[in-house]
Every structure is written in structure tokens, then in C-alpha cells.
Amino acid sequence: MSFSADKAYELIVQAREQNRLAHAYLIAGPQGSGKQVLAERIIRLVNRVPGELTGLDGVRGPLVHLVRPESKSRRISIDAIREAEHTLQMSVGEGATKVAVVEDCDRMGVEAENAFLKTLEE
């Protein structure tokens, strides 16, 4: 089922209010559809970060891990997925939520895909 970015955000806000957030969300769409803005809005919502939208790099930190294709190969390596998994497993303070954003997940190799699926299953 597909939604606009605004409708998707509205549904996630409702889920948050009802303490029914899923452990993972798939945000997909063509370039310029608002995927990154939606991801940032969700990060700000779950971690109660006020302020203007600054882009995903602006919210990167101890609670937010960004996985992107490596510059030369344009591939996402299994090491990048394992690093994200390690970051997500580290403990955080009360009320904080760890978030990993995987951009261009179609750029994963088979090993990275399998590691990522294992992470989602756990």
C-alpha cells in the first residue's frame, strides 16, 4: 500500500501516540518524492528533536546511523550493514530511539542483503 509522504507521516504520528510504532519502516519512491524528508521527520518525531528540517546529515549522531553506498563502488558493503547493526545494539538512554537509515538499498551486495534481512528479523 502506498501513501504520500505527508499521509505516511500522519499514520506514523498516530502509531506513536498509540505506542504502536513498528520496529522498521520501508520508505520507497522515485527521486524527489520526499523519502529523505519523511525519514528525517520520523527521526525527529521518535527522538523528540525540535527545529527545522536540516537533511539527514543534520540529524546524524549517536542515535542515528546512516548507511549509504560507498563513493567509489557505489555499493553498500556487508561491513556497512554490520556497523549499523552494532550501532543499533548499543544501549541508549530512556526515551531515546536508535534509528538506521539505509539509502539506496538496491545497491547492497548479496552478503549485505542477507545481513540486513537478518537484522530486520531480529
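Taken in order, the sequence shown gives residues -11 to 110; the numbers are from this note's numbering. Each residue gets a CB set at the ideal place from its N, CA and C atoms; glycine is no exception. This structure is a prediction, so every number in the text was calculated from the model and none was measured.
Exposure of residue i, with buried meaning 16 or more beta-carbon neighbours within 10 Å
i    : result
L51  : buried
R36  : exposed
R8   : exposed
A12  : exposed
H90  : First, the amino acid is wrong: residue 90 is Val here, not His. Buried, because 16 or more other Cβ atoms sit within 10 Å of the Cβ of V90.
L14  : exposed
M78  : exposed
L26  : buried
F104 : buried
V47  : buried
Assigned secondary structure, residue i (DSSP; H/G/I helix, E/B strand, else coil)
i    : result
I115 : Outside the displayed span of the chain (-11 to 110) sits residue 115, for which this structure offers no information.
A100 : helix
E110 : coil
L14  : coil
R95  : helix
L9   : coil
Span of the alpha helix (DSSP H) around residue i
i     : result
A(-4) : A(-7) to E5
Where the beta strand (DSSP E) through residue i begins and ends
i   : result
A88 : V87 to V90
Min CB distance residue i to chain B below 7 Å
i   : result
L41 : In the structure shown, chain B cannot be found, because there is only a single protein chain.
Heavy atom of the ligand SAH within 6 Å of residue i beta-carbon
i   : result
K60 : As far as ligands go, the structure on display features none, and thus does not contain the ligand SAH.
Residues of its chain near residue i, where Cβ-Cβ distance is below 6 Å and the 5 sequence neighbours each way are ignored
i   : result
V87 : I31 and V52
I66 : E99, A100 and A103
If we require 4 or more residues per run, which alpha helix (DSSP H) segments fall completely within the segment 21 to 83? 23 to 34, 44 to 47 and 66 to 77
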